[in-house]
Amino acid sequence: MDDSQLQHLVEQLSEQYFQIPFKHKVYFNSRLRTTGGRYMLNSHNIEVNKRYYEHFGIDELKGIILHELCHYHLHIQGKGYRHRDQDFRVLLKKVGAPRFCSTIEKEEKKKTTYYNYRCTDCGELYRRKRKINVKSYCCSNCRGAIELV
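Letter 12 of the sequence shown, counting from 1, is numbered 11 in numbering that gives the first Met the number 0, and no numbers are missing.
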């Protein structure tokens with residue numbers, strides 16, 4: 000699915016569930032990480048996380064779109080559009096939109112590589128995330144030379 004198909008789907012869902020046309024833009028934003036979508040207050044555009052569509056399918060995408068359309072239409076009408084507002088909660092139930100989207104399991108974090116250094120005189124150990132130039136540094140205890148272990 001690309002942005003033009005997404006735009007068509009949002010316009011269709013807006014007419015079907017709200018009987019009000021969606022007059023702004025909707026697009027996939029690949030930089031979204033922790034949310035399924037967001038409604039932009041200033042531009043009235045909607046951004047959707049494509050990973051949710053790829054991971055869960057069209058049903059989850061429709062739920063995210065309906066949720067964001069609730070924000071959109073309530074904000075345009077000047078009503079309570081925030082999650083805590085009664086107008087928002089009532090409209091969510093009316094259209095059957097989820098309050099929260101499903102969670103995607105967190106990707107495995109890269110294992111951080113550590114460099115271990117040792118003083119050649121006293122044996123003090125140093126652990127660093129970055130590699131250092133051993134000629135530029137010395138032991139903080141005895142001022143001895145440091146070597147990579």
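C-beta: ideal position from N, C-alpha, C; glycine also.
Predicted model, so just to flag it, every value in this text is computed and none were measured.
- Cβ-Cβ distances below 6 Å link L90 to C69 in the same chain, with the five nearest sequence neighbours on each side left out; the list follows chain order.
- Given a length threshold of 3 residues, each whole run of the beta strand (DSSP E) inside the region 35-83 is given here in chain order: 36-38 and 45-47.
- In the structure shown, the three-state DSSP call for E14 is helix.
- The three-state reading of DSSP puts R129 in coil, since its state is none of H, G, I, E or B.
- DSSP places L147 inside the beta strand (DSSP E), whose first and last residues are I145 to L147.
- Annotation for R88: the continuous alpha helix (DSSP H) segment containing it runs Q85 to V94.
- In this structure F99 is exposed. Its beta-carbon is surrounded by fewer than 16 other beta-carbon atoms within 10 angstroms.
- Checking the DSSP bridge columns, you'll see V25 partnered with I45.
- With a threshold of 16 other beta carbon atoms within 10 Å, V25 meets it and is buried.
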